[in-house]
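Asker:
Numbering (the working numbering), first residue to last: 447 to 675.
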């Protein structure tokens, strides 16, 4: 007997159907935003980094939909592998968000280059440790530190009235909020638990990230043009 809702669709047992559904919606939203960045915004390192952020969020939540919905058909080893892949994809998305944040910070070129290298090194270090110890909780540390760093950077930029920074700050503030939702398992109903609430918050977060990066991208482009004049 399962401790969470289940449904049957065409003879297929779906576990945690609302959680799986909200994962699917998140996946589609993230891929749509990645495509929107590619088609509507100019090509730049900043925009490309955010596009890859959306892509890997979509990949992570797409894998998450399988992990939540079809777990009944997976062995423990397969389920662990799927869950590991989901968390690694999420961690890579944070890497790209950090890369965009480093570009947005407007620090000097040489310092920015070193920070970019450190960001890449940390990704591979935490990824290696995760695979070596076969424990995805290690990679969550990398993601958590990344999210806090992004929030702090955009908070500082928002305080200094940089265009678009407020939306991104709020977006990653919501991401931090989902940690508390998960920790305390704040559940509204059996059919809308803490995972589902977190997914809805993540949807709002993605939309805010897109709005903020769109505005800040235009601002960065104008700044670059002025420097070239």
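Just so it is clear, CB atoms sit at the ideal spot from N, CA and C, and this is done for glycine as well.
With a cut-off of 8 Å, do at least 3 Cβ pairs link the segment 531-550 to the segment 566-579?
Answerer: The answer is yes - the segment 566-579 touches the segment 531-550, with three or more Cβ pairs under 8 Å.
Asker: Can you tell me which of the three DSSP states residue 582 falls into?
Answerer: One-based indexing of the chain shown puts residue 582 at position 136. Note: residue 582 maps to coil in three-state DSSP.
Asker: So what does DSSP say about residue 454, is it helix, strand or coil?
Answerer: As a working note, residue 454 is residue 8 in the chain shown. Looking at residue 454 - three-state DSSP - the assignment turns out to be strand.
Asker: Relative to the alpha-carbon of residue 621, which residue among 520, 463 and 655 has its alpha-carbon at the smallest distance?
Answerer: As a first step, residue 621 must be located in the chain shown, where it is residue number 175. Among 520, 463 and 655, the Cα nearest to that of residue 621 is on 655.
Asker: Less than 7 Å between the C-beta atoms of residue 567 and residue 514, yes or no?
Answerer: As a working mapping, residue 567 is identified with position 121 in the chain shown. As a working mapping, residue 514 is identified with position 68 in the chain shown. Contact flag unset, no.
Asker: Ends of the alpha helix (DSSP H) at residue 495?
Answerer: Indexing the chain shown from 1 puts residue 495 at position 49. First-last of the alpha helix (DSSP H) with residue 495: 491-515.
Asker: Give every residue of the same chain whose Cβ lies closer than 6 Å to the Cβ of residue 480, excluding the five residues on either side of it in the sequence, and list them in chain order.
Answerer: On the chain shown, position 34 is the one that residue 480 refers to. In its chain, beyond the 5 residues on either side, 497, 500 and 501 have a beta carbon closer than 6 Å to the beta carbon of residue 480.
Asker: Under a Cβ-count criterion, where at least 16 other Cβ atoms within 10 Å of its own Cβ denotes burial, should residue 452 be classed as buried or exposed?
Answerer: In the chain shown, counting from the first residue as 1, residue 452 sits at position 6. It counts as exposed.
Asker: Can you give the Cα-Cα distance for residue 509 and residue 455, rounded to whole angstroms?
Answerer: Within the chain shown, residue 509 is the residue found at index 63, counting from 1. Within the chain shown, residue 455 is the residue found at index 9, counting from 1. Approximately 19 Å, taken between the alpha carbons.
Asker: Since residue 662 contacts residue 611 with CB under 8 Å, what's their CB separation in whole angstroms?
Answerer: For this step, residue 662 is matched to residue 216 along the chain shown. For this step, residue 611 is matched to residue 165 along the chain shown. With 8 Å as the limit, residue 662 and residue 611 qualify as a contact, their Cβ atoms being about 6 Å apart.
Asker: From residue 599 to residue 459, what does the alpha carbon distance come to, in whole angstroms?
Answerer: Numbered from 1 along the chain shown, position 153 holds the residue referred to as residue 599. Numbered from 1 along the chain shown, position 13 holds the residue referred to as residue 459. In a straight line, the C-alpha of residue 599 is about 44 Å away from that of residue 459.
Asker: How is residue 654 classed by DSSP in three states: helix, strand or coil?
Answerer: As a first step, residue 654 is located in the chain shown; it is residue number 208 there, counting from the start. Residue 654 falls in the helix class under three-state DSSP.
Asker: Please say whether residue 461 and residue 545 have beta carbons closer to each other than 7 Å?
Answerer: The residue labelled residue 545 in the question sits at position 99 within the chain shown. The residue labelled residue 461 in the question sits at position 15 within the chain shown. No; because the gap between Cβ atoms is not below 7 Å, this pair is not in contact.
Asker: My parser needs the alpha helix (DSSP H) runs of 4 or more residues fully inside the segment 528-602; what are they?
Answerer: List check, alpha helix (DSSP H) in window: 555-579.
Asker: Tell me residue 638's beta-bridge partners as DSSP assigns them.
Answerer: Within the chain shown, numbered from 1, the residue matching residue 638 stands at position 192. DSSP, once it has assigned bridges, lists 635 as partnering residue 638.
Asker: Would you be able to state if there are at least three C-beta pairs under 8 Å between the segment 632-650 and the segment 585-593?
Answerer: no
Asker: Going by beta-carbon coordinates alone, are residue 541 and residue 577 separated by less than 7 Å?
Answerer: In the chain shown, the residue the question calls residue 541 occupies position 95. In the chain shown, the residue the question calls residue 577 occupies position 131. No, the Cβ-Cβ distance between residue 541 and residue 577 is not below 7 Å.
Asker: For residue 651, which of 553, 543 and 665 has the nearest alpha-carbon?
Answerer: In the chain shown, the residue the question calls residue 651 occupies position 205. For residue 651, the nearest C-alpha among the options comes from 543.
Asker: Quick check on residue 589: buried or exposed, where buried means 16 or more other Cβ atoms within 10 Å of its Cβ?
Answerer: Position 143 of the chain shown, counted from the start, is the residue given in the question as residue 589. Around the Cβ of residue 589, a 10 Å sphere holds 16 or more other Cβ atoms; the residue is buried.
Asker: Run through DSSP, which three-state label would residue 459 get?
Answerer: Counted from its first residue, the chain shown places residue 459 at position 13. Residue 459: strand per DSSP, three-state reduction.
Asker: Can you grab the Cα-Cα spacing for the pair residue 521 / residue 607, in whole Å?
Answerer: Residue 521 sits at position 75 when you count from the first residue of the chain shown. Residue 607 sits at position 161 when you count from the first residue of the chain shown. Computed Cα separation, rounded: 51 Å.
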